[in-house]
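Below: one structure, written as structure tokens.
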Amino acid sequence: MAYYAINHRIQIWGAFGGFQKKTGALVGHYVNGQNVITAIPHPSQNPPTIPQLNARAKFKTVIDFQRRLTPLIRIGYQNAHKEKQTAFNAAFVDNYAKAVTGVAPNYTIDYEKFAYSKGQLSKAYDAEILTAVAATIQYSWLATLATGIGGPTDMATLMVYNPLKDQFVVLTNAAARSALTYSLLVPGDFSGDDVHCWISFVAANGKMASDSFYVGEFTVV
8 MAYYAINHRI
18 QIWGAFGGFQ
28 KKTGALVGHY
38 VNGQNVITAI
48 PHPSQNPPTI
58 PQLNARAKFK
68 TVIDFQRRLT
78 PLIRIGYQNA
88 HKEKQTAFNA
98 AFVDNYAKAV
108 TGVAPNYTID
118 YEKFAYSKGQ
128 LSKAYDAEIL
138 TAVAATIQYS
148 WLATLATGIG
158 GPTDMATLMV
168 YNPLKDQFVV
178 LTNAAARSAL
188 TYSLLVPGDF
198 SGDDVHCWIS
208 FVAANGKMAS
218 DSFYVGEFTV
228 V
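With this note's numbering, you'll find the sequence shown wraps up at 228, consecutive numbering, no jumps.
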């Protein structure tokens, strides 16, 4: 005689209470403070359509690029997401809608439109880049507060992306807004490569962020 162990899920709060993991034909989740019960998904027997494949390719393009910037996005989008939406998801919605270019299914990120920060703090004003020194990206900006929100103690976040090597260089709290400049060191093997550069600001107390600003594409010497 064979004996089988049965994994029971005890429903403490009645038929409409919360539970987690699989129970019969249902799956319980705890999402954003709420109990969510869904049916076990059944794989489609139909092959995906071309629009579905293209949507998946676009989704993957944004996720693969954005997921490595999760710590930045958590700060940058801290006040730019809905109550039951994460900062990462809010950024994804923006970037999926605005920051993808190319012909399906060969999508790429539109760097000029990509955002990792979105907020009311004044963004970098008249930001510029100079690459006259080897393995160095020299940022400069003005102290002007375009929205009137912010101050000299706001701290700069600098981000550089090298598409050829698929590498980021990110520095938070690089310099105060009042410093007006900062020289960011990049790996020596970036020499001769084209890189994309962004800048944003975060309030000194960390509770408010600016929009990220795409400065442009430059060649590292």
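Even for Gly, the Cβ is constructed at its ideal location relative to N, Cα and C. All values derive from a computational prediction rather than experimental measurement.
Go through its chain and collect everything with a Cβ distance to Leu76's Cβ below 6 Å, but skip five positions before and after it. Your numbering for residue 76 matches position 69 in the sequence shown. Once the five neighbours on either side are set aside, the close Cβ partners of Leu76 are Tyr123.
Rounding to the nearest angstrom, what Cα-Cα distance links Ala134 and Gln174 in this structure? By 1-based counting over the sequence shown, the position of residue 134 is 127. By 1-based counting over the sequence shown, the position of residue 174 is 167. A direct Cα-to-Cα measurement between Ala134 and Gln174 gives close to 22 Å.
Which ranges does the beta strand (DSSP E) cover as unbroken runs of at least 3 residues, wholly within the segment 121-146, from first to last along the chain? Runs found: 132-137.
For Ile136 versus Ser147, is the C-beta spacing smaller than 9 Å? Translated into positions along the sequence shown, residue 136 becomes position 129. Translated into positions along the sequence shown, residue 147 becomes position 140. Pairing Ile136 with Ser147 gives a Cβ-Cβ distance under 9 Å.
Per DSSP, which one or two residues make a beta bridge with Gln174? Working through the sequence shown from its first residue, we reach residue 174 at position 167. Answer is Asn169.
With a threshold of 16 other CB atoms inside 10 Å of the CB of Gly83, please say whether the residue is buried or exposed. Locating residue 83 in the sequence shown gives position 76, where the first residue counts as 1. Gly83 should be labelled buried.
Any beta strand (DSSP E) of 3 or more consecutive residues that is wholly inside the segment 45-113: Fully enclosed beta strand (DSSP E) runs of 3 or longer: 107-110.
Return helix, strand or coil for Ala163, following the three-state DSSP convention. Locating residue 163 in the sequence shown gives position 156, counting from the first residue. Strand at Ala163.
Could you pull the start and end residues of the beta strand (DSSP E) that Val222 belongs to? For the purposes of this step, residue 222 is taken as residue 215 along the sequence shown, with counting starting at 1. Where Val222 is concerned, the enclosing beta strand (DSSP E) stretches over Phe220 to Thr226.
Would Val140 pass as a contact of Ser190 if the rule is Cβ separation under 9 Å? Locating residue 140 in the sequence shown gives position 133, where the first residue counts as 1. Locating residue 190 in the sequence shown gives position 183, where the first residue counts as 1. Annotated as proximal: Val140 and Ser190, with beta-carbon spacing under 9 Å.
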